[in-house]
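The structure under discussion appears below in the form of structure tokens.
There are 2 protein chains.
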Amino acid sequence: MPLPAIDFWFDFSSPYSYIANEWVDAVAARHGRTVRRHAILLGVTFQAAELRPPVAFPLKGVYSLRDFARSARFEGLPYLPPADFPIPTQNAARVFWWLQATQGEAAAARWATAGLRGVFAQQLPLHQPAGLASLAIAQGLEPDAVQAVCADPQWKARLKQANDDAIAGGVFGAPFFKLDGEPFWGNDRRAQIERWLAQGPF
Amino acid sequence: MPLPAIDFWFDFSSPYSYIANEWVDAVAARHGRTVRRHAILLGVTFQAAELRPPVAFPLKGVYSLRDFARSARFEGLPYLPPADFPIPTQNAARVFWWLQATQGEAAAARWATAGLRGVFAQQLPLHQPAGLASLAIAQGLEPDAVQAVCADPQWKARLKQANDDAIAGGVFGAPFFKLDGEPFWGNDRRAQIERWLAQGPF
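Chains as they are written, first to last, in my numbering: chain A, 1 to 202; chain B, 1001 to 1202.
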């Protein structure tokens, strides 16, 4: 019987999600696990938890911008964020859920990775129709079909369901992980996740 | 010429400060560094940064209590926090600065460590006169002298200066570190601090 998957919640506009997305599959695979991704809107979970993005605060905002870049360098990743960070990501997330439902987890994971790399390493304007179309083409998807998905009530509802499920499960930020039911918040919980995978609960 | 010290800001009511306080000296020493501690009041830096404690939020509060305990276990530390967390810590912090000025860094560091361990491993009510007196006796200090320090305008002013200096230097939370001028926030920046100490800027 396969081991339970690691659940991984992310937002296409979350720099720490970009970083975590780069290591989560390899870390999971080393311990016989797979990853089940969940695209959510941080704005919605922040509202439920009465939070604001770290960059919205005096002192913490300046530090956070520095820490995003340093944390990417720490993992050896390129980091070139969008000028108008944070960006709205509901369209990219709706496409994620459409791919997950119609083409499966692997296709959705490829979209997640390409989108996060686009936003944080290539300044891709994923919140604009041109940016979304460019990512669609690079992923072998029909730009018009992707555009239609974004406006389709079915995929709007699917994203809303994902946000609601996340909040009901205690998710308030991203990246957020659940491993055998245990919640881990933040790219910086990697070491704890690795120990849990290797040794079980601690 | 000795290498620059690591500056380390903490609050006696910060669980992640308790954890970081346990590793910071050894990590520093391995790289020929010393640690310069700064007792501050998180309530004051939170106000400057428009922040609230993590336990004050829906969803995040429940997670944080779980993460405090798990992060302590991850480092192999006992964890038995006070029932009425968070506690006011201005008196413990004033005594810290009195010791630092009159007996030096090492005495202040011993007070910091004993206080943090008391609060987070032994449920010591450090915010109450009896708890403070008990810690004073255990540290070979005269309880009446310690009580007098807490009410002395000189040490009130010294703590206020420490809070003001912290905020002026961009400190908004605890534990907070500065290493060669580079700011690191959180117990979970240990890996980045260790790399910086080993290799320099990255």
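Even for Gly, the Cβ is constructed at its ideal location relative to N, Cα and C. All values reported here derive from a predicted model rather than from experimental measurement.
Ranking B:1072, B:1150 and B:1035 by CA distance to the CA of residue 192 (chain A) puts B:1072 first.
For the pair residue 1157 (chain B) and residue 1197 (chain B), the Cα-to-Cα distance works out to about 34 Å. In its chain, beyond the 5 residues on either side, 1045 and 1048 have a beta carbon closer than 7 Å to the beta carbon of residue 1167 (chain B). Among the residues of the stretch 159-172 of chain A, those with a Cβ less than 8 Å away from any Cβ of chain B are 167, 170, 171 and 172, in the order of the chain. C-alpha of residue 1076 (chain B) to C-alpha of residue 1124 (chain B): approximately 20 Å in a straight line. In chain order, 13 and 127 place their CB closer than 6 Å to the CB of residue 87 (chain A), counting only its own chain and leaving out the 5 sequence neighbours on each side.
In this structure, B:1009 is the residue among B:1002, B:1009 and B:1005 with its C-alpha nearest to the C-alpha of residue 1169 (chain B). Of the candidates B:1188, B:1179, B:1186 and B:1187, the residue whose Cα lies closest to the Cα of residue 1199 (chain B) is B:1179.
Contact of residue 1073 (chain B) with chain A is assigned, a C-beta pair being separated by under 8 Å.
For residue 26 (chain A), the nearest beta carbon of chain B is not closer than 8 Å to its own beta carbon. For residue 27 (chain A), the enclosing alpha helix (DSSP H) stretches over residues 15-30. DSSP, read as helix, strand or coil, puts residue 1176 (chain B) in strand.
In this structure the stretch 1143-1161 of chain B does not touch the stretch 1016-1030 of chain B; the number of beta carbon pairs closer than 8 Å is below three.
Scanning its chain for C-beta atoms nearer than 8 Å, with the 5 sequence neighbours on each side dropped, one finds around residue 195 (chain A) the residues 202, in chain order. At least one C-beta of chain A is nearer than 8 Å to the C-beta of residue 1185 (chain B). One thing to note: residue 1036 (chain B) has its Cβ within 8 Å of the Cβ of residue 1005 (chain B). Counting along the chain, residue 1006 (chain B) sits inside the beta strand (DSSP E) bounded by residues 1006-1010. In the three-state DSSP reduction, residue 1190 (chain B) falls in the helix class (H, G or I). Proximity to residue 1174 (chain B) across B:1159, B:1043 and B:1001 peaks at B:1043, based on C-alpha coordinates. Taken through DSSP and simplified to helix, strand or coil, residue 1085 (chain B) comes out as coil. Of the candidates A:21, A:103, A:16 and A:132, the residue whose Cα lies closest to the Cα of residue 7 (chain A) is A:21.
Scanning its chain for C-beta atoms nearer than 8 Å, with the 5 sequence neighbours on each side dropped, one finds around residue 155 (chain A) the residues 94, 95, 97, 98 and 149, in chain order.
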